[in-house]
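A quick write-up on the structure given underneath.
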Amino acid sequence: MISIKGLYNQFDQLEVLKGIDLEVEKGKVVVVIGPSGSGKTTMLRCLNVLEFPTKGVITIEGKKLDFSRAVPKKNIATFRRLTGMVFQSYNLFPHKTALENVMEGPVTVKGENKESARKKAVALLEKVGLGDKVDYYPAQLSGGQQQRVGIARALAMEPEVMLFDEPTSALDPELVGEVLKVMKDLAQEGMTMIVVTHEMRFARDAADEVIFMDQGVIVERNKPEEIFANPKEERTRKFLNMIQ
Amino acid sequence: MKMYLNSIFANPERISKLVDIAQSSFLPLLKGAIFYTIPLTLITFVVGLILAILTALARISYSKTLQIIARIYVSIIRGTPLLVQLFIIFYGLPTVGITLDSYTAAIIGFSLSVGAYGSEIIRAAIISIPKGQWEAGYSIGMSYSQVLRRIILPQATRVSIPPLSNSFISLVKDTSLASLVLLTEMFRKAQEIAAFNYEFLLVYSEAAVIYWVICFFLSVLQQVMEKRLDRYVS
Chain A
797 MISIKGLYNQ FDQLEVLKGI DLEVEKGKVV VVIGPSGSGK TTMLRCLNVL EFPTKGVITI
857 EGKKLDFSRA VPKKNIATFR RLTGMVFQSY NLFPHKTALE NVMEGPVTVK GENKESARKK
917 AVALLEKVGL GDKVDYYPAQ LSGGQQQRVG IARALAMEPE VMLFDEPTSA LDPELVGEVL
977 KVMKDLAQEG MTMIVVTHEM RFARDAADEV IFMDQGVIVE RNKPEEIFAN PKEERTRKFL
1037 NMIQ
Chain B
6 MKMYLNSIFA NPERISKLVD IAQSSFLPLL KGAIFYTIPL TLITFVVGLI LAILTALARI
66 SYSKTLQIIA RIYVSIIRGT PLLVQLFIIF YGLPTVGITL DSYTAAIIGF SLSVGAYGSE
126 IIRAAIISIP KGQWEAGYSI GMSYSQVLRR IILPQATRVS IPPLSNSFIS LVKDTSLASL
186 VLLTEMFRKA QEIAAFNYEF LLVYSEAAVI YWVICFFLSV LQQVMEKRLD RYVS
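For the protein sequence lines, the chains are A and B, in the order given. Start counting the first sequence at 797; every next residue gets the next number (my numbering). Start counting the second sequence at 6; every next residue gets the next number (my numbering).
Dropping the structure here:
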């Protein structure tokens, strides 16, 4: 289970997150939507501690980080291993092959032996449909393939929760489907997921819950069929009208 | 020029004498290159490169103290002539009780120089790597030093090969300055030989050719390395 309590984040003078409270049960898929600048990406990055909350408490599977106090570096690195992050721009390591990208975490961070890490990495790449591309460098792969390697790389650390930061926004339209399919399969397997996306189809099909964020707060949360059919808040309605 | 050429071709004896000198001076010059110029270059480049990486890391670190130390070091080395630095180390330091032999003084002087100039190259290469690479490393739980070693530096290496090759090639030629702190590297050998037989043009040109051959070889090496490191960028 993931719980976020009283999460604030500030960038210079600008308050990006103004008190986020959220709980996500194990195995649930939560889709976060909202206009740009609403803080949805920042909230996700706070969970991976790529962004530092000014205050607030994040708990993932019983492990807690309280940002109201100074947090030791070591705790941050361990905490990060609880979450797998998938980036909008993939951020694969360009000097490593698909296989090496996926093996990097287990070998370097967990100290796993190379042989078993390789076997697991190959299995993961097969799972995301890239079993025939293990020795390709990122530059030799399409955007959709790169993003699937990105997903495999995050999964390799066996995280408690997968975080997706607009995973399909940088993709050509015809490549979006292959990435969403991998994500849907993951959801079906019971992976806990928090997904920031503009893909409303995905939200409808795979989400247990949709969260609408605006101006640094969670405005509304509900089951996808509810929030799309009859949003309770005016702001949610406006946003949904704009994108549909 | 014309007179010089005339003086040679009008006189067959002179030609054979020049050939003799060229032959007899070649081996001592080559020895100077093999025993001094080349090892001096290699040692100082390795030491300098380590210094350069440390300085670059200090410059991009969060510690203000480290940043300032690095800035002062780079500023002093870049702001004063290499020859003056060598003179201070070799002729100046004995005044305060630090006496170094020519070789040690040259290694220290050149390493400090490579370290300062190289640090700017490496710093530029490190900050040219997109921030997303750091984040991707952190996101899978890597520490600062793990991201640096396994993700950032390998990519920065590729970027910095051309400018570092420049420094390396410059260094080969700069080692000739060591002749002025009495190190009998190749150029000092050339001076000694020429002072003996007065064939300055011939002997110095010979030295120039050996420098050029070394540098040519290094340029080829640069190309090979660039090709190897470019394999993942298609």
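Here a beta-carbon is modelled for each residue, glycine too, at the ideal position from N, C-alpha and C.
Under the three-state DSSP convention, the category residue i falls into
i        : result
Y804(A)  : strand
L813(A)  : strand
L182(B)  : helix
D862(A)  : strand
N887(A)  : coil
R236(B)  : coil
I1(B)    : Outside the displayed range of chain B (6 to 239) lies residue 1(B), so it cannot be described from this structure.
E954(A)  : coil
I856(A)  : strand
V930(A)  : coil
M230(B)  : helix
M979(A)  : helix
Q1040(A) : coil
T109(B)  : helix
Residue i: contacting residues in chain B (beta-carbon distance under 9 angstroms)
i       : result
F883(A) : G137, E140, A141 and S144
N844(A) : E140, Y143 and S144
R876(A) : Y143, S144, I145, G146 and M147
Short CB-CB distance (under 9 angstroms) between residue i and chain D
i       : result
R997(A) : In summary, chain D is missing from the structure at hand, where the protein chains are A and B.
Contact set for residue i: own chain, Cβ-Cβ below 8 angstroms, skip 5 residues either direction
i       : result
E995(A) : T964, V972 and L976
P849(A) : L803, Y804, N805, L813, C842 and F863
S224(B) : S170 and I174
P969(A) : none
The ligand COA heavy atom lying under 8 angstroms from the CB of residue i
i       : result
M953(A) : As far as ligands go, the structure on display features none, and thus does not contain the ligand COA.
Which residues DSSP lists as bridging residue i, in chain order
i        : result
I829(A)  : F1008(A)
K851(A)  : Y804(A)
F960(A)  : V882(A) and V991(A)
L818(A)  : I800(A)
E1016(A) : F1008(A)
Outcome for residue i when other beta-carbon atoms lying within 10 angstroms are tallied against a minimum of 16
i       : result
M8(B)   : exposed
A200(B) : exposed
K910(A) : exposed
L4(B)   : This structure leaves residue 4(B) out entirely; chain B is present only between 6 and 239.
A57(B)  : buried
G97(B)  : exposed
R83(B)  : exposed
S246(B) : A question about residue 246(B) goes unanswered here, because the residues of chain B that appear run from 6 up to 239.
T100(B) : exposed
Y203(B) : exposed
Where residue i meets chain B, residues with beta-carbon distance less than 8 angstroms
i       : result
R914(A) : Simply none; closest approach about 16 angstroms.
F807(A) : Ordered by position in chain B, no residue passes the 8 angstroms Cβ test against F807(A), which lies about 15 angstroms from the chain.
Where residue i meets chain A, residues with beta-carbon distance less than 7 angstroms
i       : result
M230(B) : Simply none; closest approach about 14 angstroms.
I74(B)  : Within 7 angstroms Cβ-Cβ: nothing; I74(B) doesn't reach chain A, min ~23 angstroms.
Same chain only: Cβ atoms within 6 angstroms of residue i, ignoring 5 sequence neighbours per side
i        : result
V208(B)  : S30, A195, I198 and A199
M797(A)  : E821 and K822
F889(A)  : N897
A121(B)  : V79, I82 and R83
R1000(A) : P1020
P902(A)  : E908, A913 and A952
Cut-off 7 angstroms between Cβ atoms - residues of its own chain near residue i, not counting five sequence neighbours on either side
i       : result
S938(A) : L971
L34(B)  : M191, K194, A195, E211, A212 and I215
T49(B)  : I112, F115, S116, V119 and L176
A27(B)  : L207 and E211
T70(B)  : none
Beta-carbon neighbours of residue i, restricted to chain A and to distances below 8 angstroms
i       : result
Y67(B)  : By Cβ distance, chain A contributes nothing, its closest Cβ being about 11 angstroms from Y67(B), past 8 angstroms.
P86(B)  : Near P86(B) there are no residues of chain A at all, since even the closest Cβ is about 39 angstroms away, more than 8 angstroms.
P159(B) : H891
Q151(B) : T904 and V905
Proximal residues of chain B, C-beta to C-beta of residue i below 7 angstroms
i       : result
N887(A) : G137, Q138, E140 and A141
Neighbour list for residue i in chain A, Cβ cutoff strictly below 9 angstroms
i       : result
Y237(B) : P890, H891, K892, T893, Y933, P934, A935 and Q936
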